[in-house]
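Chains A and B supply the protein sequences, listed in that same order. Numbers given in our numbering equal positions in the first sequence, counted from 1, plus 665. Numbers given in our numbering equal positions in the second sequence, counted from 1, plus 106. Below you'll find the structure, written out as structure tokens, and then a few comments.
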Amino acid sequence: MAYSAPDSADKALRMAMELDVFVGNTTIMDEEVYQLWLDGYTVTDAVSMRVRSGILEQWGACQAVLESDTTDHYRTFQMAERLLHCPSKLANQLLFQIPPQRQAMLIERYYAFDPAFVRELLGKKLSKGTKKDLDDVSTKTGVTLKSCRRQFDNFKRVFKVVEEMKGPLVENIKQHFLLSDRLARDYGAIVFFANIRFETGKKKLQYLNFEDFAFCAGQLIQNWTVGAVDSMVEDMDVDLDKEFLQDLKELKILITDKDMLDQHKSLVCTALRGKIQVFAEMEANFKNLSRALVNIAAKLMHTKDVRDFFIDLVEKFIEPCRSDRWVLCDVKAFLTQYMNSARALDAFKQQAIWERYMTVIRSCILKMYHE
Amino acid sequence: MPGKLKVRIVAGRHLPVMDRASDLTDAFVEVKFGNTTFKTDVYPKSLNPQWNSEWFKFEVDDEDLQDEPLQITVLDHDTYSANDAIGKVYIDIDPLLSSEAATVISGWFPIYDTIHGIRGEINVLVKVDLFNDLNRFRQSSCGVKFFCTTSIPRCYRAVIVHGFVEELVVNEDPEYQWIDRIRTPRASNEARQRLISLMSGELQRKIGLKVLEMGGNAVVGYLQCFDLEGESGLVVRAIGTACTLDKLSNPSAALLPACNSPSKDMKEAPFSEDPNPNTHSSGPSTPLKNQTYSFSPSKSYSRQSSSSDTDLSLTPKTAFFPLGPRIFLCPSSPTLSSDSPPHTNTIQLPLGSGTAHSYTPPQSGHANPVSLRKTVSFSEELLLAASGMGSGGSVGKEGGPLKTLLRQQTQSALEHREFPFFTLTCFPMGFLVHVGGVVSARSVKLLDRIHNPDEPETRDAWWEEIRQEIKSHAKALGCHAVVGYSETTSICEEVCILSASGTAAVLNPKFLQDGCLDSCSEHRLSRQPTFFSTGSEKGEFDIFLQSKDSSSMLGLEEPSPPSCGFCHIPYDELNMPFPAHLTYCFNCRRQKVPDVLFTTMDLPLEAAVTGKGCLIQARLCRLKKKAQGEANATAISNLLPFMEYELHTQLMNKLKLRGMNALFGLRIQISVGENMLVGLASATGVYLTALPTPGGIQIAGKTPSDISYEQHISNMQKKINETIAKNKELYEIIPPESIDEMIGSPIPEPRQRSRLFRSHSESSDEVSELDLSHGKKDAFVLEIDDADAVEDIHSLLTDAPLPTGFYSCNTEIMPGIYNWTSGVQMFTSVRVFRLNNTNLTNQGLNKIFNDLCENLLKSLYFKLRSMIPCCLCHVNFAVAVPEDELIQVAVTAVAMTFDKDQAQENLKLYVDKTLMKVITENEEQLQFPLELCSDSQSGNPFSPIKGTGLQENAGMHIVPSAQRATSVDYSSFADRCSTWIELIKLKAQTIRRGSIKTTSSLEKASPVSEGHSRLRSTTSNTGCTVAVVKMTPLSFIPGAKIIKYLGIINMFFIRETTSLREEGGVSGFLHAFIAEVFAMVRAHVAALGGNAVVSYIMKECVFMENPNKNQAQCLINVSGDAVIFVRECDLEALPVQPQTSAAQTSSSGGEVPA
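What follows is the structure, encoded as structure tokens:
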């Protein structure tokens, strides 16, 4: 019988297909293929992954069909990619007719990133050099190099656009890139970290994930930038409030003035007695801990020390506590009390600065304190 | 100076960076029309320039307005060197010339460059102030409406269907001019685009003139094509059906108070009081008569009359070589009968002198030509009612025997002149009486340089000849008209195959003669709107038409019920043009029907169908030796009949395999390449209840044979039987067997066994001895006598089954699916296959081609899987052989979702709803605009009212406040050319003048806005998002109602690249180009104020590549009708005037079952 095996025929046909396109009036975009494309798989890899998903059996299609479909989608995505670089263009371009909710999906997915990848890049300068080293990052994280590059370019693009923009950072990102609230916040964190270049790569910080840092960035943006104090000030959200950082050194009085330090300690101890498990350790360590926290504050006026902010928190505060086996609720109780008790210190005049400083420190430490 | 074109350049956006240093662009715009050019200021250093230019005014002839495109060029200013062109926009201003179409063009257009594609967008405003031209010898035909839709457009009523119009213009192809050697590819492409645009305009104008001469006001089923003849030139040709259309909405207009009624009266005037302006000129003494009919070249007249009894005497006068096998596809499968030739092939070989010498190809050694001729002569009488429907249709009221006589004379005179062809594929109820079958003609020509572009005589003569052929074929089938008519060409180097095909039909003479215009209009009002509105409604008529009282409702003494009447044979049973197998109609039992029916038209909506339909394709490749000139043409014409025969056989086999008995929308395409011919036939198979149940397929092996062979045969037979059974289940074909059994088959003549010969050398005697009957039915025998046949049966069985949830057809609607939901996805898919194996056999080639098509379909099903349950409608395949070893297949179709579950229960509901809709739609049409304008009533000044007072809905546009200052009121010149023709003919100018004045003033007082102003305002409200424009090859949009036609879209683009690899290879290049074409079509529609294109078609997609040079070029030609539609759910929210519905219910009450 002249019945050739369908697969070989398939292959022969595929080889000789010079041109194969499909264009719909409404652009058809398969979410699954889009994800494979975003993840940086080649057409061949994507096809075999789709085959494994059982789509062939489900639809009675053959491999050639899948290959044609995948190639077609990839081409569409490549054509649409330049529009995704400026998402607002996607809404008023004429080339692709894409329903609005679909546009939103495309943008959101395009700007989504791998937590593992972003963790590697957090705080690094988004420079050509960093981009060159992406293959290392790719090997380390298991994210394809292509996807790494896309994500890197996204970071850089967002960074470049909002860097010089006035007004609230996250709002700017949301408006300009039409991202969801959550994703815009994450990008806010990435931009913020990239701008200040916080050190996040040290071994001691490895246990922290992107979400921890993103939370901290949110706190810093909300409380320590210029826009945080006065929303009327049309200033950038990406830089910390220099004046505030200068003022922070005045907090030193808490540790330099011995009376105040003792008073502070007794206030905290009185309040916490019987309320925390590690009371004894706390009592013993209070001065060290307080010194650590105030010293961090005092150092923040130097840009270099700002970069070490997280490592300082870990080394000076989190690690000592952890070695004494503090539990999270004890840390919380201590920090709350430590912050609030300063109010009762009559001689302490820097209440506003203290509040502004400690709110952030407290929530950052709590977020970073993994038991 | 009858027209003033006004253009304003507003802004640009997303412009490309032209200055690398600053990453910006210093853009300015040149606006060119004819030979006049205006420029905007340079808007420095911006990618989003805001020119806000003044109004550029062009004062031009309306002839130029029709021919010339508006050309907008965006440039980058450069102080030191020449300005760089960014790109161009061509705007066809024709829609602005018709009062009922668009009133303003305003919107964002993609700036297109033939090398770089779309480069940003430009916002343009275009208006036309048209003055009236009293000169009736003028060359323009402004105001004639053009529709691509091959049915009477929705929201219009056909007052008169005048008939066939055709025209062609030729020119030198700029690509082949000497200057092309020294100019850039861009300049060459632009010259070509511009020329084709010009030629299309000219063609449309000329066709418009013909329509006006015929007394019509519109062309329906307008199909314009380009023949790129290379060295020999460029031909642009068009065919269409001239009609007098009347906007549907007058009945309810009367019921509405105030502002609308005057305009309604206006409109009624020329039509209802004297519905046919032609009647005045129909008397032979009227001097106008000559003018009216003089459009037909006299040569055709004389030639036709001399050749009316033979189709062989048509000899072209020219020195070209018309080598034409003309194939005549009989409806009732003549190829199947054992003792007749498959078809009549008459091949002409005029040997210089002009004497025709004809012979029949080897396989048809019988006396068919004789019988054919006989039929022709006898069918002369039948012709009486043929083509005169235009002139005769409406004169009933005038009555009087003398006039009738005169009219008949006119009519018969007319029919000698005209081709009684209709490019329509759908007809109003009762229009179509009988269908004979497919008639087609092909002719192979050698191209030669067109020496004088002003005298396109040879091309005219070629088509003339083919049309004559078609006409005589139709006559042979006892039919006086051809419907679903189309013409195509395939060109390879200097050889050109001209093809024409259509469906021979008998049209209702009563309808056309006896003043049944009223009944006609009544039908239209009561039924036609439903038909054209949405798919969800289309099917319902099957249901209650089968309840036999439907014919009484028709008000005609038509003996045949509409559900089966069209199937009844038009030819004489005792004197059949070909041997066919007749039975009594299974529906009415009164008349004879053939066993199989092939047609090129859409399934009439009243037809009774069992089950669902499906797409059936026959595919075929034939190798051909490379040859030059005459030898090549001869080789091709020798191959053609065999190809047609094979395709026909395949179609028939596949039809039987699906247990069906009729094909609709049959389209046979034969493309010629240097070393092969590719044939593709597509059609939609259905089971017509009126036709007999098709027999099975019986396989006959060769005798003598061994056991294993017999085993093999019986295996195959089993497979075939299984497939048939499976298909019947799939397509829900449950034929009324029981009835058949009871009545028996009342076949008068001795039953013939249908047999199919694979090889003609086979002696037929021994085979006919075999008992081939398949149960009670006649079986269809496939004889396996060689490897070819085995291959064929395989391909028959390996046609991939449709995935669950999918249906497909190439007609407008799918028989058996009624409840369309709103999901619509139009798409184009193109594949080019390279044949690597140089020594291919015919079989190998066939298999490759077959797989190519099958895989393409499979891919489509897979791509569209998210739409399930859905149906691919209007699947239109186009094959080409662009180069030696390339086969190109392009498909354009639309996937439409439907509601599977509600299929049964909701039918009745739909019927009711449909009726309600019919009843209410007229007032809705009026109320809609009224409602719209309530918010804008504050006495705004309007833009120049180009929309006349004659069509009450037309022509008013609320000017955005920014433009108010510049708008001038020309409303006193409001009436348009189209109406002037009527005016002159009616000699009632004074009366009309008066009423125009009243109307325009009234209109001013009561702003009648229209759908698109609302559309536009809503889009502007929602911000800068782009308005969605739907595109569909169908004439309707499911779940929606078309409220206005804005004009024809006919666009031609060239795209070229010299960096093919960088653009993603050929696929990347073509993908981008097709997407760009869609984008440009959508932008133009949106600028006209529309939200959809219906009857969209990609007529040409010529792709050429040279990978070695990293180059590729592609030409695409698309067309369609820009429309405004509104969702039905929106419409239903509108109140219905109770008294109207009551009145209309009573008039159409007869239709309602139960």
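Where a beta carbon is used, it is the ideal one built from N, C-alpha and C, also for glycine.
* Asked: Quick one: what does DSSP say glycine 771 of chain B is sitting in, helix, strand or coil?
  -> Taking the first residue of the second sequence as position 1, residue 771 of chain B is located at position 665. Three-state DSSP puts glycine 771 of chain B in a strand.
* Throw me the rounded Cβ distance for the threonine 735 of chain A and arginine 715 of chain A pair, which I believe falls under 8 Å. => The sequence position of residue 735 of chain A within the first sequence is 70, counting from 1. The sequence position of residue 715 of chain A within the first sequence is 50, counting from 1. Correct: roughly 7 Å between the Cβ atoms.
* To do: Could you confirm whether any beta carbon from chain B is found closer than 9 Å to the beta carbon of threonine 709 of chain A?
  => In the first sequence, the residue the question calls residue 709 of chain A occupies position 44. So no, threonine 709 of chain A is outside the interface.
* Which of the residues in the region 1155-1177 of chain B, read from start to end, lie with their CB under 7 Å from any CB of chain A? -> Gly1170, Val1172, Ser1173, Gly1174, Leu1176 and His1177
* Asked: If you drop the 5 nearest sequence neighbours on each side, which residues of the same chain put their C-beta closer than 7 Å to that of isoleucine 1026 of chain A?
  -> Position 361 of the first sequence, counted from the first residue, corresponds to residue 1026 of chain A. Contacts found: Leu958.
* **Pick from B:His1190, B:Tyr282, B:Arg298 and B:Ile776 that is closest to serine 743 of chain B, judged by C-alpha positions** => Residue 743 of chain B sits at position 637 when you count from the first residue of the second sequence. The option with the nearest alpha carbon to serine 743 of chain B is B:Ile776.
* Shorter than 9 Å from the beta carbon of valine 712 of chain A to some beta carbon of chain B? -> To locate residue 712 of chain A, count along the first sequence from 1; it is residue 47. So no, valine 712 of chain A is outside the interface.
* CB contact flag (isoleucine 221 of chain B, asparagine 295 of chain B, <9 Å) -> Walking along the second sequence from the start, residue 221 of chain B turns up at place 115. Walking along the second sequence from the start, residue 295 of chain B turns up at place 189. Cβ atoms of isoleucine 221 of chain B and asparagine 295 of chain B: closer than 9 Å.
* **Presumed contact (8 Å Cβ cut-off) between valine 230 of chain B and valine 276 of chain B, rounded CB distance** => Reading the second sequence from its first residue, position 124 is the one you call residue 230 of chain B. Reading the second sequence from its first residue, position 170 is the one you call residue 276 of chain B. Not confirmed; about 32 Å, so no contact.
* Does the region 1177-1197 of chain B come close enough to the region 305-317 of chain B that 3 or more CB-CB pairs lie under 8 Å? -> no
* To do: Thinking asparagine 961 of chain B and valine 903 of chain A are a contact (beta carbons under 8 Å), I'd like their distance in whole angstroms, please.
  => Within the second sequence, the letter at position 855 stands for residue 961 of chain B. Within the first sequence, the letter at position 238 stands for residue 903 of chain A. The Cβ separation is near 54 Å, so there is no contact.
* Could you list which residues in chain B have their beta carbon closer than 9 Å to that of methionine 744 of chain A, in chain order? => The count along the first sequence starts at 1 and reaches residue 744 of chain A at position 79. Here the neighbours are Gly1170, Gly1174, His1177, Ala1178 and Ala1181.
* **C-alpha distance - methionine 1033 of chain A paired with leucine 799 of chain A, whole-angstrom precision** => Counting from one through the first sequence, the residue named residue 1033 of chain A turns up at place 368. Counting from one through the first sequence, the residue named residue 799 of chain A turns up at place 134. The straight-line gap from Cα to Cα measures roughly 27 Å.
* **Candidates A:Asn960, A:Lys923 and A:Leu844: closest to methionine 769 of chain A by CA position** => Position 104 of the first sequence, counted from the first residue, corresponds to residue 769 of chain A. Note that residue 769 of chain A is alanine in the sequence shown here, rather than methionine. Considering only alpha carbons, the answer is A:Leu844.
* To do: Could you round the C-beta distance between asparagine 956 of chain B and arginine 725 of chain B to whole angstroms and report it? I think they count as a contact, below 8 Å.
  => As a first step, residue 956 of chain B must be located in the second sequence, where it is residue number 850. As a first step, residue 725 of chain B must be located in the second sequence, where it is residue number 619. Asparagine 956 of chain B to arginine 725 of chain B, Cβ: 5 Å. Contact.
* To do: Report the rounded CA-to-CA distance for lysine 917 of chain A versus arginine 1021 of chain A, giving the unit in angstroms.
  => Counting from 1 along the first sequence, the entry for residue 917 of chain A is found at position 252. Counting from 1 along the first sequence, the entry for residue 1021 of chain A is found at position 356. Lysine 917 of chain A and arginine 1021 of chain A: Cα-Cα distance of roughly 15 Å.
* To do: Name, going along the chain, the residues of the region 710-737 of chain A whose beta-carbon falls closer than 8 Å to a beta-carbon of chain B.
  => Trp724, Gly725, Ala726, Cys727, Ala729, Val730, Leu731, Ser733, Asp734, Thr736 and Asp737
* To do: Spell out a yes or no on whether the region 852-863 of chain A and the region 871-883 of chain A are touching, meaning 3 or more CB-CB pairs, one atom from each, closer than 8 Å.
  => yes
* **Where threonine 934 of chain B meets chain A, residues with beta-carbon distance less than 7 Å** => Working through the second sequence from its first residue, we reach residue 934 of chain B at position 828. Those are Val688, listed as they occur along chain A.
* Tell me which same chain residues have a C-beta within less than 8 Å of the C-beta of serine 955 of chain A, skipping the five on either side of it? -> Mapped onto the first sequence, residue 955 of chain A falls at position 290. Excluding residues within five positions, the ones whose Cβ falls inside 8 Å are Leu919, Ile920, Leu926, His929, Lys930 and Tyr1003.
* Asked: Alpha carbon to alpha carbon, what distance is there between glycine 1226 of chain B and valine 271 of chain B?
  -> Taking the first residue of the second sequence as 1, we reach residue 271 of chain B at position 165. Taking the first residue of the second sequence as 1, we reach residue 1226 of chain B at position 1120. Spanning the two alpha carbons is a distance of roughly 18 Å.
* Residue of B:Phe134, B:Gln156, B:Phe164 and B:Leu202 minimising C-alpha distance to isoleucine 192 of chain B -> Position 86 of the second sequence, counted from the first residue, corresponds to residue 192 of chain B. Here the closest residue by C-alpha is B:Phe134.
* Asked: In three-state DSSP terms, what is cysteine 915 of chain B?
  -> For the purposes of this step, residue 915 of chain B is taken as residue 809 along the second sequence, with counting starting at 1. It is coil, neither helix nor strand.
* Asked: Taking 9 Å as the CB-CB cut-off, is alanine 1185 of chain B touching chain A?
  -> On the second sequence, position 1079 is the one that residue 1185 of chain B refers to. So, interface residue.
* Take threonine 143 of chain B and list the residues in its own chain whose beta-carbon comes closer than 8 Å to its own, dropping the five residues that flank it on each side. => Start at 1 with the first residue of the second sequence, and residue 143 of chain B comes out as number 37. For threonine 143 of chain B, where only same-chain residues beyond five positions count, the Cβ hits under 8 Å are Glu136 and Val137.
* To do: Examine the Cβ distances between the region 1012-1020 of chain A and the region 863-882 of chain A and report whether three or more of them are shorter than 8 Å.
  => no
* Which residues in the same chain as histidine 1177 of chain B place their Cβ atom closer than 6 Å to its Cβ, once the five residues preceding and following it in sequence are excluded? -> Taking the second sequence and counting its residues from 1, the one referred to as residue 1177 of chain B is at position 1071. Correct list: empty, nothing qualifies.
* Report yes or no: is there a C-beta of chain A within less than 9 Å of the C-beta of glycine 109 of chain B? => Sequence index remark: in the second sequence, residue 109 of chain B carries index 3 (1-based). For glycine 109 of chain B, the answer is no, since every Cβ of chain A falls outside 9 Å of its Cβ.
* Apart from the five residues on each side of it in sequence, which residues of its chain come closer than 8 Å, Cβ to Cβ, to isoleucine 1030 of chain A? -> The residue given as residue 1030 of chain A occupies position 365 in the first sequence. So the list reads Leu978, Phe982, Ile983, Val996 and Leu1000, once near-sequence residues are dropped.
* Asked: What three-state label does DSSP hand serine 743 of chain B in the structure shown?
  -> Stepping through the second sequence from its first residue, residue 743 of chain B is reached at position 637. Reduced to three states, the DSSP call for serine 743 of chain B is helix.
* Can you find a C-beta in chain A that's less than 9 Å from the C-beta of glutamine 775 of chain B? -> As a working mapping, residue 775 of chain B is identified with position 669 in the second sequence. Not one chain A Cβ lies under 9 Å of glutamine 775 of chain B.
* Closest by C-alpha distance to cysteine 1235 of chain B, when choosing among B:Leu309, B:Pro155 and B:Ser928 -> Taking the first residue of the second sequence as position 1, residue 1235 of chain B is located at position 1129. The shortest Cα separation from cysteine 1235 of chain B among B:Leu309, B:Pro155 and B:Ser928 belongs to B:Ser928.
* Do three or more CB pairs link the region 760-771 of chain B to the region 564-584 of chain B at distances below 8 Å? -> no
* Secondary structure at phenylalanine 237 of chain B, three-state DSSP: helix, strand or coil? -> Mapped onto the second sequence, residue 237 of chain B falls at position 131. Coil at phenylalanine 237 of chain B, not helix or strand.
* State the DSSP-derived secondary structure class of methionine 305 of chain B, mapped to helix, strand or coil. => Walking along the second sequence from the start, residue 305 of chain B turns up at place 199. DSSP places methionine 305 of chain B in helix when its eight states are reduced to three.
* Asked: Going by alpha carbons, who is nearest to tyrosine 793 of chain B out of B:Glu679, B:Gly542, B:Met920 and B:Ser303?
  -> One-based indexing of the second sequence puts residue 793 of chain B at position 687. Looking at the Cα atoms, B:Met920 is the closest of the given residues.
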